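Below is one structure; the comments refer to it alone.
Numbering (this note's numbering), first residue to last: 12 to 322.
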């Protein structure tokens with residue numbers, strides 16, 4: 012098997028936030044290369060338990076080998092969006108220790124050409140985290156209406172030339188379907204103004220399509236709300252996000268569930284239930300200069316931490 016390469020972003024900071032203790036239950040929602048999981052496992056011996064999720068078969072195989080000596084690890088090939096059902100089936104009622112989300116795609120996914128995540132590598136339009144899924148980037152690019160394409164490019168990519176790009180895609184696919192990453196990247200390059208920027212013109216569109224294919228924002232929002240029902244008193248949520256849309260979602264959800272009142276200002280008496288969370292870090296933690304030098308994509312990572320204060 013080809014080596015699975017994955018840099019674990021903010022490994023120490025994200026795991027330190029969990030206050031790992033022997034005997035408690037922890038969940039790693041994005042196993043990846045097993046970096047976070049390995050550190051958690053080393054800190055919860057001998058009686059702690061870790062459940063780790065991933066839909067990527069390459070990631071699971073690599074991590075199974077890396078973490079084979081740990082007997083208190085359960086790896087689940089499923090989306091973390093099914094966390095409630097999976098934990099219930101495992102007989103787990105509460106996450107007593109904490110839960111970690113690393114929302115970034117792996118180095119392996121971006122650099123394995125056939126996965127179709129990178130516009131710099133010739134590959135079929137794919138972008139599926141879960142290779143068993145039927146829906147891919149090809150379907151988005153070749154079946155979505157012009158309005159739908161504009162919406163996802165604008166919302167998920169914050170792309171200023173969304174309308175121009177969507178229109179060109181529609182025109183092009185009337186003659187021939189778009190099938191490869193390079194075809195799409197060249198289309199974007201040729202139909203948008205040459206603006207001085209440090210990022211490639213296709214970056215935002217590829218991000219938007221990846222988010223749509225994998226329903227990333229929907230899954231994160233729904234799963235965070237599910238996790239709130241699963242957390243025991245004192246348990247921690249530690250979330251690493253990599254772009255502003257995810258970070259804003261996490262920030263707003265943490266803020267909402269840490270507030271004491273959501274009543275209209277005109278309401279005289281508050282009937283709101285007590286807050287569920289206590290925000291641990293008011294501002295997100297970012298990677299150190301040393302880490303960014305070693306792994307440049309770390310520069311966009313933000314870590315937010317909250318603690319369950321509901322009994």
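Just so you know, even glycine gets a beta-carbon here, dropped at the ideal spot from N, CA and C.
Being a predicted model, the structure only gives us computed values, none of them experimental.
The C-beta separation of residue 246 from residue 21 comes to about 20 angstroms, leaving the pair out of contact by the 8 angstroms criterion. CA-to-CA, the gap between residue 94 and residue 157 works out to about 35 angstroms. Residue pairing from DSSP leaves residue 196 without any beta-bridge partner.
Taken in chain order, the whole alpha helix (DSSP H) runs of length 4 or more contained in the region 123-186 are 148-154, 157-168, 173-186. Taking residue 65 as the centre and dropping the five residues before and after it, the same chain places the C-beta of 42, 71 closer than 6 angstroms to its C-beta, in chain order.
Taking each of 169, 198, 186 in turn and checking the Cα distance to residue 176, the smallest one comes out for 198. Taking C-beta separations shorter than 6 angstroms and ignoring five residues to either side along the sequence, the partners of residue 29 in its chain run 109, 247, 249, following chain order.
The alpha-carbon of residue 166 is positioned some 8 angstroms away from that of residue 219. Within a 10 Å sphere around the beta-carbon of residue 39 sit 16 or more other beta-carbons, which makes this residue buried. Bridge pairing for residue 289: 318 [DSSP]. Taking one beta carbon from each stretch, the region 230-243 and the region 81-95 have 3 or more pairs nearer than 8 angstroms; the two touch. The shortest CA-to-CA distance from residue 215 to any of 163, 277, 101, 51 is the one to 163. Taken through DSSP and simplified to helix, strand or coil, residue 249 comes out as strand. Under the three-state reduction of DSSP, residue 39 is assigned to strand. A distance of 8 angstroms or more separates the beta carbons of residue 139 and residue 26. Residue 46: member of the alpha helix (DSSP H) spanning 46-54, first to last residue. Between residue 268 and residue 239, the C-beta gap is smaller than 8 angstroms, which places the two residues in contact. Between the alpha carbons of residue 182 and residue 160 lies a distance of about 13 angstroms. In the three-state reduction of the DSSP assignment, residue 258 falls in the helix class, which pools H, G and I. Annotation for residue 60: the continuous beta strand (DSSP E) segment containing it runs 60-65. Within the same chain, no residue comes within 8 angstroms of residue 80 by CB-CB distance, once the 5 residues on both sides are set aside.
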